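Chemist: Quick one: the structure is below, and I'll ask about it shortly.
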Amino acid sequence: TTHLVGSALSSPMLSLAAGLNGLAGPLHGLANQEVLNWLTKMKAAIGNDLSDEAIKNYLWSTLNAGQVVPGYGHAVLRKTDPRYVSQREFALRKLPDDPMFKLVSQVYKIAPGVLTEHGKTKNPYPNVDAHSGVLLQYYGLTEANYYTVLFGVSRALGVLPQLIIDRALGAPIERPKSYSTELSPSLLVLSCK
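Right, dumping it as structure tokens:
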């Protein structure tokens with residue numbers, strides 16, 4: 001959204017604001033909170049029983065109730081989200097004994113198989129939201145209303161420089177497949193001539 005609004009030559013701040021407003025919807029901005037809520041309900045239901053069978057049964061009860069397993073699947077990726085992998089590697093080093101991390105690890109071990117067997121998902125693998133809320137909670141950021149703010153700040157660090165480059169190159173309205181980054185240096189050379 002930031003790119004689209006920016007390509008209409010709106011100011012960078014208005015462009016960023018438009019992009020951030022898109023996070024207000026529950027389909028994007030609340031994803032890691034939904035994962036935390038689901039994990040908390042699972043923990044209440046299964047207690048300290050982190051056996052494969054207990055996790056599997058809870059996953060099936062979620063799916064059989066017509067719900068999705070939050071934190072699994074991605075609109076584009078068809079494999080485990082690399083951001084999830086990075087967060088998992090960090091957690092393995094820094095908080096291996098945290099009860100919520102142990103729960104996330106067990107779900108990661110069991111969920112892809114259950115989702116594949118269920119057959120209604122294109123991507124049975126975790127996305128970044130399957131892990132991020134647990135890390136935020138562990139490090140003391142327990143006010144879930146601020147999670148979207150953190151996401152927005154991280155996005156601003158990427159989209160605003162991209163918007164400046166787009167302006168420098170005189171780029172048209174951008175689409176994900178409009179051109180690759182391999183073309184960027186040649187566009188820069190052309191625009192400087």
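Residue numbers 1 to 193, in full-length UniProt numbering, belong to the letters of the sequence shown in order.
Cβ atoms here follow ideal geometry from the backbone N, Cα and C, with glycine treated the same way.
Note that the structure is predicted; figures quoted are calculated from it, not measured.
(1) Provide the residue(s) that pair with residue 72 in DSSP beta bridges, ordered along the chain.
(2) Does DSSP put residue 135 in a helix, in a strand, or in coil?
(3) For chain B, check one thing: does any of its Cβ atoms lie closer than 8 Å to the Cβ of residue 163?
(4) Excluding the 5 residues preceding and the 5 following residue 87 in the sequence, name in chain order all residues of the same chain whose CB lies nearer than 8 Å to its CB.
(5) Are the Cβ atoms of residue 69 and residue 77 separated by less than 8 Å?
(6) Give me the residue from 137, 59, 1 and 167 with the minimum Cα distance to residue 32.
(7) Using CA atoms only, rank isn't needed, just tell me which of 150, 15, 100 and 106 is closest to residue 37.
(8) Roughly how far, in whole angstroms, is the beta-carbon of residue 152 from the beta-carbon of residue 20, given that I think they are within contact range, below 8 Å?
(9) Based on Cα-Cα distance, which residue from 7, 17, 11 and 30 lies nearest to residue 147?
(10) What is the residue span of the alpha helix (DSSP H) that residue 88 lies within?
(11) Mind checking residue 217: buried by the 16 CB within 10 Å criterion, or exposed?
(12) Using 8 Å as the threshold, is the C-beta distance between residue 50 and residue 122 below it?
(13) Which of the three DSSP states, helix, strand or coil, is assigned to residue 120?
(14) Which two residues bound the contiguous alpha helix (DSSP H) that contains residue 167?
(15) Where does the unbroken alpha helix (DSSP H) through residue 41 begin, and where does it stop?
(16) Taking C-alpha atoms, which residue in 1, 7 and 2 lies nearest to residue 168?
Modeler: In this structure, then:
(1) DSSP links residue 72 through a beta bridge to 126.
(2) helix
(3) No chain B appears in the structure shown, which is made up of a single protein chain.
(4) 128, 131, 132 and 135
(5) no
(6) 137
(7) 100
(8) 5 Å
(9) Proximity to residue 147 across 7, 17, 11 and 30 peaks at 30, based on C-alpha coordinates.
(10) 82-94
(11) Missing from the structure shown is residue 217; the chain here goes from 1 to 193 and no further.
(12) Cβ distance not < 8 Å, so residue 50 and residue 122 don't count as in contact.
(13) coil
(14) Going by DSSP, residue 167 is part of the alpha helix (DSSP H) stretching over 147-169.
(15) 31-46
(16) Ranking 1, 7 and 2 by Cα distance to residue 168 puts 7 first.
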